[in-house]
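**Q**
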Amino acid sequence: TQLLEQSPQFLSIQEGENLTVYCNSSSVFSSLQWYRQEPGEGPVLLVTVVTGGEVKKLKRLTFQFGDARKDSSLHITAAQPGDTGLYLCAGASSGGSNYKLTFGKGTLLTVNP
Amino acid sequence: GAGVSQSPRYKVAKRGQDVALRCDPISGHVSLFWYQQALGQGPEFLTYFQNEAQLDKSGLPSDRFFAERPEGSVSTLKIQRTQQEDSAVYLCASRPGGGNYGYTFGSGTRLTVV
Numbered sequence: 018t019q020l021l022e023q024s025p026q027f028l029s030i031q032e033g034e035n036l037t038v039y040c041n042s043s044s045v046f047s048s049l050q051w052y053r054q055e056p057g058e059g060p061v062l063l064v065t066v067v068t069g070g071e072v073k074k075l076k077r078l079t080f081q082f083g084d085a086r087k088d089s090s091l092h093i094t095a096a097q098p099g100d101t102g103l104y105l106c107a108g109a110s111s112g113g114s115n116y117k118l119t120f121g122k123g124t125l126l127t128v129n130p
Numbered sequence: 499g500a501g502v503s504q505s506p507r508y509k510v511a512k513r514g515q516d517v518a519l520r521c522d523p524i525s526g527h528v529s530l531f532w533y534q535q536a537l538g539q540g541p542e543f544l545t546y547f548q549n550e551a552q553l554d555k556s557g558l559p560s561d562r563f564f565a566e567r568p569e570g571s572v573s574t575l576k577i578q579r580t581q582q583e584d585s586a587v588y589l590c591a592s593r594p595g596g597g598n599y600g601y602t603f604g605s606g607t608r609l610t611v612v
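In the order they appear, the protein sequences are chains A and B.
By our numbering, the letter at position 33 of the first sequence is numbered 50, and the numbering carries on one by one without gaps.
By our numbering, the letter at position 9 of the second sequence is numbered 507, and the numbering carries on one by one without gaps.
1) Check distances from the C-beta atoms of the stretch 534-568 of chain B to those of chain A and list, in chain order, the residues that come in under 9 Å.
2) Per DSSP, which residues does TYR508 (chain B) bridge with? Please list them.
3) Please state the DSSP three-state secondary structure of GLU566 (chain B).
4) Quick one: which chain B residues come within Cβ less than 9 Å of THR65 (chain A)?
5) Apply the 10 Å Cβ neighbour rule to VAL128 (chain A) and answer buried if 16 or more other Cβ atoms are within range, or exposed otherwise.
6) What are the residues of the stretch 45-60 of chain A that lie near chain B, defined by any Cβ-Cβ distance shorter than 9 Å?
7) Looking only at its chain, what residues have a beta carbon closer than 7 Å to the beta carbon of GLY595 (chain B), apart from the 5 residues adjacent to it on each side?
8) Are three or more beta carbon pairs between the stretch 83-90 of chain A and the stretch 27-41 of chain A nearer than 8 Å?
9) Taking 8 Å as the CB-CB cut-off, is GLY606 (chain B) touching chain A?
10) In the stretch 566-592 of chain B, which residues sit with their C-beta less than 7 Å from some C-beta in chain C, listed in chain order?
11) When Cβ atoms are compared, which residues of the stretch 513-531 of chain B fall closer than 9 Å to chain A?
12) Using beta-carbon positions only, say whether VAL517 (chain B) and LYS509 (chain B) come within less than 8 Å of one another.
13) Of the choices B:ARG562, B:SER560, B:SER556, B:LEU537, whose alpha-carbon is the least far from that of GLY606 (chain B)?
14) When you compare only the Cα positions, how much space is there between VAL611 (chain B) and ASP584 (chain B)?
15) For the beta strand (DSSP E) containing LYS576 (chain B), name the first residue and the last one.
16) Which residue comes first and which comes last in the beta strand (DSSP E) that contains TYR52 (chain A)?
17) Please state whether the Cβ-Cβ distance between PHE82 (chain A) and VAL66 (chain A) is less than 8 Å.
18) Within the chosen definition, does the stretch 565-573 of chain B reach the stretch 20-32 of chain A through at least 3 CB pairs nearer than 8 Å?
19) Is the CB of TYR116 (chain A) under 8 Å away from at least one CB in chain B?
20) Buried or exposed for LEU29 (chain A), going by 16 or more other Cβ atoms inside 10 Å?
21) Using 8 Å as the limit for Cβ to Cβ distance, is GLY83 (chain A) near chain B?
22) Which residues of chain B have a Cβ atom closer than 9 Å to the Cβ of PHE120 (chain A), listed in chain order?
23) Could you tell me if THR94 (chain A) is buried or exposed, where buried requires 16 or more neighbouring beta carbons within 10 angstroms of its beta carbon?
24) Please check if any C-beta of chain B sits within less than 8 Å of the C-beta of GLY69 (chain A).
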């Protein structure tokens, strides 16, 4: 069974601060995706990383995939209240079942004005 | 439609009742998935369709859970004889095909079994 552990589980910060969320596993994934979920809504895709060591930037968000494709991080610069939400990482299995995503439990981020 | 549509948004069922949850994927999306999200948890895989074929149902918790997609578009997740442990948000997602496409999720159906 592939497991993804996210840390921290909860994070409450002030507007303008920087933060990093981590996603770790002992398993290798063919790709890793980050989603943001708001209350009462489904997760919304932020990014997909595929290559070990890959770094992608989306405005103030920077995503990195570990060299061994077992871990990932999400860094937010100068957080804003609109960044508040549940951040989920999800790994796609290697091999024939790469359609199946394994999700972490998420990091609940609150950015206070 | 522009997004994945799920109905109903909320469903309260008495224990033992049968329920049916509907998913309208994005038009033309080949792949359709159902996930279950318990409170405070990440979504967990239930089942996967490619067009009308159910290729993986390994995540369905018991034989009370049944999913279908008869014409390769709309899908229905049916739960028979609901139990309290079935209370969760049921998410449907679709994507164009295989590879590294991300999922587009619907808003989910929140099922509460009382």
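Virtual Cβ for every residue (Gly too), placed ideally from N, Cα, C.
**A** In short:
1) Using a CB distance below 9 Å, the part of the stretch 534-568 of chain B facing chain A consists of GLN535, GLY538, GLN539, GLY540, PRO541, GLU542, PHE543, TYR546, GLN548, LEU553, ASP554, SER556, GLY557, ordered along the chain.
2) DSSP lists B:ARG608 as partners of TYR508 (chain B).
3) Annotated three-state conformation of GLU566 (chain B) is strand, per DSSP.
4) Against THR65 (chain A), the close residues of chain B are ASN598, TYR599, GLY600, in the order they occur along the chain (beta-carbon pairs closer than 9 Å).
5) With 16 or more Cβ atoms within 10 Å of its Cβ, VAL128 (chain A) is classed as buried.
6) For the stretch 45-60 of chain A, the beta-carbon criterion of a distance under 9 Å to any beta-carbon of chain B is satisfied by SER47, SER48, GLN50, TYR52, GLN54, GLY57, GLU58, GLY59, PRO60.
7) Answer for GLY595 (chain B): VAL528, SER529, listed in chain order.
8) In short, these stretches touch, since the Cβ pair count reaches three.
9) It does; some Cβ of chain A falls within 8 Å.
10) Protein chains A and B are contained in the structure displayed, whereas chain C is not.
11) Within the stretch 513-531 of chain B, the residues whose Cβ lies closer than 9 Å to some Cβ of chain A are SER529, PHE531, listed in chain order.
12) Closer than 8 Å, so yes.
13) The shortest CA-to-CA distance from GLY606 (chain B) to any of B:ARG562, B:SER560, B:SER556, B:LEU537 is the one to B:LEU537.
14) So the two alpha carbons sit approximately 7 Å from each other.
15) Element bounds for LYS576 (chain B): 573-577.
16) Counting along the chain, the beta strand (DSSP E) containing TYR52 (chain A) begins and ends at 46-54.
17) Yes, these two residues count as a Cβ contact at 8 Å.
18) Judged by Cβ distances under 8 Å, the stretch 565-573 of chain B makes no contact with the stretch 20-32 of chain A, as fewer than three pairs qualify.
19) For TYR116 (chain A), the nearest beta carbon of chain B is closer than 8 Å to its own beta carbon.
20) It is Ser, not Leu, that sits at residue 29 (chain A) in the sequence shown. SER29 (chain A) sits exposed, since fewer than 16 C-beta atoms from the chains shown fall within 10 Å of its C-beta.
21) Contact of GLY83 (chain A) with chain B is not assigned, every C-beta pair being separated by 8 Å or more.
22) Among the residues of chain B, those whose CB is under 9 Å from the CB of PHE120 (chain A) are TYR533, GLN535, GLN539, GLY540, PRO541, GLU542, PHE543, following chain order.
23) It is exposed - the Cβ of THR94 (chain A) has fewer than 16 other Cβ atoms within 10 Å.
24) Closer than 8 Å: no.
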